[in-house]
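Numbering (this note's numbering), first residue to last: 219 to 731.
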Ligand SMILES: Cc1cc2nc3c(=O)[nH]c(=O)nc-3n(C[C@H](O)[C@H](O)[C@H](O)COP(=O)(O)OP(=O)(O)OC[C@H]3O[C@@H](n4cnc5c(N)ncnc54)[C@H](O)[C@@H]3O)c2cc1C
Ligand code: SF4
């Protein structure tokens with residue numbers, strides 16, 4: 219063969235991929251390989267594996283229908299070496315290409331491997347930027363340079379200007395950059411979000427589901443009820459459904475939680491964005507279009523655009539700026555082992571029970587369940603960031619280290635010393651009670667901090683402030699709880715400490731808490 223071998227990874231199912239741009243269908247071959255190493259570097263939720271393998275198989279079909287030659291290696295191919303590098307080298311032997319072309323991997327681990335492809339294959343290897351993100355890694359570095367503490371808000375404003383999203387005559391639409399003060403209300407009783415759409419598995423997905431169920435029976439969760447989009451068409455339909463059905467109320471209720479409702483008013487677009495089935499700019503433009511057409515209010519649309527154009531790009535920028543050191547950070551010296559209930563949902567704490575059960579069932583939890591329930595508890599209890607991060611990487615169908623790590627280690631656990639957030643997202647049961655109905659169905663009493671039946675979040679919150687008060691004493695956003703604790707009756711402080719210690723001892727001993 220006189221052409222190039224173009225390796226496409228599982229989260230690169232995008233026709234606009236940089237490595238496919240100058241593809242010559244007459245000469246070039248696209249290589250796609252399902253490999254065991256990628257399915258097992260952590261024991262991913264089976265629904266996540268189904269998503270990626272099914273999206274890959276559908277993408278390969280779409281390329282073939284355009285006349286592209288695709289060499290597709292299945293997971294159960296008896297000759298499959300189990301690694302991307304192994305499959306690349308086998309394909310080089312099969313096709314004898316002139317060169318290798320690929321788009322840079324989104325993960326540090328694989329990017330390091332790609333650096334060696336040139337020497338192990340003996341071929342010129344062109345690793346191209348992943349320009350599906352709206353801020354290139356180098357651009358983020360330039361932006362971050364000279365900013366001691368860089369904040370998402372200013373990055374986001376620059377991105378709005380740069381892409382002219384929600385801008386009118388150079389000014390933010392409606393005159394404000396941020397409509398958060400109008401958002402994030404508690405959910406009124408009786409209010410029920412519309413059900414999200416389901417994408418019933420076709421024959422390709424059903425084959426993958428059978429393969430995954432058989433191959434990974436001991437992973438967290440199962441394949442039953444898989445209904446995520448795995449094609450560009452379905453991903454676009456899912457986005458359209460969100461824009462019409464849930465976007466108008468996204469802002470108002472974006473921080474709320476309700477028993478039995480894992481989606482609430484969220485978009486469910488992370489799996490499609492992260493596998494390449496949707497492009498971030500298209501998602502932002504769909505939301506802006508809804509506002510300009512009078513179908514959704516500005517507070518909702520701005521709040522949503524901020525997630526994609528702001529947080530998603532910022533988080534990825536932080537990851538590449540700070541790796542590999544970021545993976546070692548443990549700024550609050552958290553050392554406690556992850557309790558077993560994070561895998562089983564067997565806890566009397568209803569907020570954790572509901573959030574973990576939702577996650578196990580759907581391979582999804584929305585942002586506030588991740589941040590303010592499972593993340594908040596891990597922060598307060600001092601769980602080791604490595605263990606928490608492994609859980610998050612396993613549990614969610616949208617999980618990739620480039621986004622999971624700054625969110626888990628940084629935003630949720632504050633282990634990065636404040637890169638992702640100027641203060642830790644620590645809260646007592648009062649926040650959870652305000653934003654959810656979980657406390658009403660809980661064995662513990664959210665109004666109480668001391669005693670066997672007291673909500674554990676309350677004592678753990680004050681115990682957290684006591685442990686780290688000195689560190690946060692000069693942080694204006696933490697000064698109030700630090701002062702409140704200092705003024706608290708010493709007898710009460712002792713009782714709260716005792717309650718926290720007793721609770722943690724029971725939890726560490728494996729008792730049901
Ligand atoms: C501890 C923790 C771990 C997380 N791990 C992941 C992960 O592995 N993969 C992942 O894609 N997201 C992760 N997030 C971010 C966020 O929770 C998910 O992107 C979101 O819940 C996905 O659901 P959705 O599409 O319905 O999102 P929506 O709430 O509807 O938001 C729309 C989109 O905005 C983007 N977005 C929103 N918040 C963030 C954020 N903080 N960081 C990056 N992008 C964001 C996502 O692409 C998301 O799809 C994590 C958050 C926390 C607190
Ligand atoms: S009472 Fe405490 S543990 Fe129970 S649901 Fe509320 S916040 Fe969670």
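Cβ atoms here follow ideal geometry from the backbone N, Cα and C, with glycine treated the same way.
Considering only residues of the same chain and omitting the five flanking positions on each side of residue i, which have a CB-CB separation below 7 Å?
| i | result |
| --- | --- |
| residue 533 | 621, 624 and 625 |
| residue 673 | 647, 662, 663, 664 and 666 |
| residue 539 | 358, 359 and 362 |
| residue 601 | 552, 554 and 556 |
| residue 231 | 273, 274, 277, 493, 494 and 495 |
| residue 281 | 248 and 288 |
| residue 652 | 404 |
| residue 285 | 243 |
| residue 309 | 223, 249 and 289 |
| residue 397 | 469, 516, 517, 520 and 521 |
| residue 645 | 590, 594 and 679 |
| residue 702 | none |
In chain order, what residues of the same chain lie with their CB nearer than 6 Å to the CB of residue i, ignoring the 5 residues before and after it?
| i | result |
| --- | --- |
| residue 568 | 656, 659 and 660 |
| residue 718 | 677, 678 and 681 |
| residue 250 | 226, 274, 278 and 290 |
| residue 576 | 480 and 583 |
| residue 355 | 538 |
| residue 320 | 225, 237 and 345 |
Residue i by DSSP, collapsed to three states: which one?
| i | result |
| --- | --- |
| residue 272 | helix |
| residue 391 | helix |
| residue 349 | coil |
| residue 479 | strand |
| residue 420 | coil |
| residue 683 | helix |
| residue 236 | helix |
| residue 518 | helix |
| residue 386 | strand |
| residue 343 | strand |
| residue 663 | strand |
| residue 453 | helix |
| residue 241 | coil |
| residue 307 | helix |
| residue 505 | helix |
| residue 278 | helix |
| residue 601 | strand |
| residue 672 | strand |
Ends of the beta strand (DSSP E) at residue i?
| i | result |
| --- | --- |
| residue 644 | Looking at the DSSP string, residue 644 is not in any beta strand (DSSP E), and its letter there is neither H nor E. |
| residue 735 | There is no way to answer for residue 735, as the model of the chain reaches only from 219 to 731. |
| residue 554 | Residue 554 -> no beta strand (DSSP E), and no H or E assigned at all. |
| residue 299 | It is not in any beta strand (DSSP E) - residue 299 carries neither H nor E in the DSSP assignment. |
| residue 319 | 317-321 |
How would you write the range of the alpha helix (DSSP H) that residue i sits in, first residue to last?
| i | result |
| --- | --- |
| residue 697 | 697-705 |
| residue 290 | That residue, residue 290, is in no alpha helix (DSSP H); its beta strand (DSSP E) goes 287-291. |
| residue 359 | 355-362 |
| residue 526 | Segment: none, residue 526 is in no alpha helix (DSSP H) and carries neither H nor E. |
| residue 711 | 708-726 |
| residue 225 | First-last for residue 225: 222-225, but that is the beta strand (DSSP E), not the alpha helix (DSSP H). |
| residue 257 | 254-258 |
| residue 468 | 465-468 |
| residue 326 | 326-332 |
Should residue i be labelled buried (16 or more other beta-carbon atoms within 10 Å of its own) or exposed?
| i | result |
| --- | --- |
| residue 239 | exposed |
| residue 266 | buried |
| residue 582 | buried |
| residue 692 | exposed |
| residue 382 | exposed |
| residue 338 | exposed |
| residue 580 | buried |
| residue 221 | buried |
| residue 524 | buried |
| residue 694 | exposed |
| residue 488 | buried |
| residue 587 | buried |
| residue 709 | exposed |
Near residue i, which residues of its chain fall below 8 Å by C-beta distance, leaving aside the five closest residues on each side in sequence?
| i | result |
| --- | --- |
| residue 603 | 547, 548, 552, 626, 627, 631 and 633 |
| residue 245 | 219, 220, 221 and 222 |
| residue 416 | 445 |
| residue 564 | 558, 571 and 730 |
Inside the segment 563-597 only - alpha helix (DSSP H) runs reaching at least 4 residues: Runs found: 568-580.
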